[in-house]
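Sequential numbering from 1 applies to the sequence shown in our numbering.
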Amino acid sequence: MPEKMMKTIEVDEDLYRYIASNTRHIGESASDILRRLLKLDNQADVRTEPVATSAPGEGVLRMLDAGTLSAYDSAIERFMTILSVLYRDNPVAFAQASDIKGRKRIYFADSESALLAAGNTTKPRAIEGSPYWVITNTNTGRKRNIVTQLMAAMGYAHGLIERVSKSI
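Structure below.
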């Protein structure tokens, strides 16, 4: 079976929110959501012209260059801001990468109740601009590890991952 070629497109905020709100489970790709909503066959092979896209990690670089994170006093605020920017940068890759887990904990879920059910001291918080929740009752080292694993799974460059992780 030939490997599927993934493309990045820009969509208006209202369309993005509609697609994200129709996510049925963590890890469901935007392509799967759209195929389901449009009732398309999974094997549809549609040929299109290339579309201009923004560079991968553009939002993350803007966040670092603007010094956005230094305005926050707590590691939790920096952690939440980073997760929000990562989601906005590439919601599909975020969805696919957010299934990372610890030895005894899940880190991400699509509801507060799912994280609370997984542990009673998780202190879940909603990731702004996304349908995801994350646990926040971890030390700074664990938060760095979560971001490192997430960014690596999303395909970010090692140097950028290090810069972001150290900024927590």
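We treat Cβ as the ideally placed atom computed from N, Cα and C, and that holds for glycine.
Own chain residues within Cβ distance below 6 Å of residue i, not counting five before or after
i: S167; result: L69
i: R78; result: L69, Y72, I168
Rounded straight-line distance, which links the Cα of residue j to that of residue i
i: Y72; j: T81; result: 9 Å
i: Q190; j: H25; result: Here the chain covers residues 1 to 168 and nothing more, so residue 190 does not appear.
i: R35; j: E10; result: 18 Å
i: A117; j: G102; result: 15 Å
i: G57; j: S165; result: 14 Å
i: R88; j: D41; result: 28 Å
i: S21; j: L38; result: 15 Å
i: M154; j: V147; result: 10 Å
i: I33; j: Y132; result: 16 Å
i: D65; j: G159; result: 14 Å
i: I135; j: N145; result: 13 Å
i: G119; j: E112; result: 11 Å
i: M63; j: P124; result: 24 Å
i: V51; j: G129; result: Any reading at V51 must be qualified, since the residue scores a pLDDT of 46, below 50, and its modelled position is unreliable; the value itself is stated next. For V51 and G129, the distance between alpha carbons rounds to 24 Å.
Nonlocal neighbours in the same chain, by C-beta distance under 8 Å from residue i, ignoring five residues either side
i: L150; result: L83, L86, F94, A97, S98, I100
i: A75; result: T140, K143, I168
i: Y16; result: P91
Whole-angstrom C-beta distance between residue j and residue i, which should lie under 8 Å
i: I106; j: L115; result: 7 Å
i: D110; j: T8; result: That belief does not hold up - the Cβ atoms of D110 and T8 are roughly 23 Å apart, past 8 Å.
Sequence-distant residues of its chain with Cβ nearer than 7 Å to residue i (five each side left out)
i: A190; result: Shown here, the chain extends from 1 to 168; a query on residue 190 therefore has no answer.
i: T121; result: N137
i: D12; result: none
i: A30; result: I19, P91, V92
Interface flag, residue i vs chain B, CB-CB below 8 Å
i: A20; result: Among the protein chains of the structure shown there is no chain B, as only one such chain exists.
Sheet register partners of residue i (DSSP bridge)
i: V134; result: F108, R125
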